[in-house]
Every structure is written in C-alpha cells, then in structure tokens.
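The structure appears below as structure tokens.
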Amino acid sequence: MVEVIVEIEKCTGCAHCRDVCPVNVFELKPRDEFPSVVDDPAVAAKFQFRGEKSIVVHGPDCIVCEACLFECEGECITITDDEGKTHLSTYK
Ligand code: SF4
Ligand code: SF4
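Printed below as a string of structure tokens:
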C-alpha cells in the first residue's frame, strides 16, 4: 500500500499539493488546529506560512504521479510506493 506523509512543521499551507493531486490525497486544515506545531525556521526564511496546514486524508489512493513532489514549497512530502521505494519532494 502506498504511504504519503507530510512533515507538518515544514508545511507552508501553499495548497499546491491539494491543487495538483488528481486523487484528492490532501486536505487543508486551519493552522489553529495544530497549536503545538512549530513552523520550521529554515522554510520560513524562504516562504510565507499561510493560515493552513496540509494533511493526508486519502494516502492509499496515491498513484505516485509525483506531481505534488515538485510543487511542495516546504519539501515536506514523502511517498513510499508499493515496492517500498521512497520518493522525496524537491521544489522545482
Ligand atoms: S504523487 Fe500521489 S499524492 Fe502526489 S499528486 Fe500524485 S497522486 Fe497525489
Ligand atoms: S505543497 Fe507542501 S508546503 Fe504546500 S500545502 Fe502541500 S504539503 Fe504544505
């Protein structure tokens, strides 16, 4: 089964993952729902953090098209495919 993980500390809430995913793996939630999460300072130095965070809601539906991996500002999405291979995000 495919596994999709978002490192929430690095998620800027840019919503690119949600917008490009063809199978609705991601959902954006208000930042207030994660009061204990500290935004990653290295990501904050490069990008503005919005008022939301992305969470994985339909991870097993992922078809490993990799679209989200190139759009993720925080480079915080990791996908493990059916064969156990890891796919990391690299912002284009
Ligand atoms: S790699 Fe998976 S999670 Fe990412 S956009 Fe494609 S289907 Fe969606
Ligand atoms: S693309 Fe990355 S940084 Fe942007 S909302 Fe999705 S997980 Fe967060």
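For the sequence shown, our numbering gives the first residue as 70, with consecutive numbering after it.
The C-beta atom is built at its ideal place from N, Cα and C for all residues, glycine as well.
Predicted model only: the values in this text are computed from it and were never measured.
Check whether the Cβ of residue i sits closer than 8 Å to any heavy atom of ligand 1, and report yes or no.
i: Cys-138; result: Per the sequence shown, residue 138 should be read as Leu rather than Cys. Yes, the Cβ of Leu-138 comes within 8 Å of a heavy atom of ligand 1.
i: Ile-132; result: yes
i: Ile-77; result: no
Determine which residues share a DSSP beta bridge with residue i and list them.
i: Thr-155; result: Thr-149
i: Ile-74; result: Thr-147
i: Phe-95; result: Val-125
If residue i and residue j are in contact, beta carbons under 8 Å, what's the gap, nearest whole angstrom?
i: Val-92; j: Ile-148; result: No, Val-92 and Ile-148 are not in contact; Cβ-Cβ is about 12 Å, not under 8 Å.
i: Glu-140; j: Val-89; result: 5 Å
i: Lys-122; j: Cys-80; result: 5 Å
i: Pro-104; j: Gly-120; result: Not really, about 13 Å apart at Cβ, beyond 8 Å.
What are the boundary residues of the alpha helix (DSSP H) that residue i is part of?
i: Glu-193; result: What the structure shows of the chain is the stretch from 70 to 161, and residue 193 is not part of that stretch, so it cannot be assessed.
i: Val-89; result: 85-89
i: Val-107; result: Looking at the DSSP string, Val-107 is not in any alpha helix (DSSP H), and its letter there is neither H nor E.
Cβ of residue i within 9 Å of Cβ of residue j?
i: Glu-96; j: Cys-145; result: no
i: Pro-129; j: Val-71; result: yes
i: Tyr-160; j: Glu-135; result: no
i: Cys-137; j: His-85; result: yes
i: Asp-150; j: Val-133; result: yes
Below 8 Å, is the gap between the Cβ of residue i and the nearest heavy atom of ligand 2?
i: His-202; result: For residue 202 there is no data in the structure shown, the boundaries of the chain being 70 and 161.
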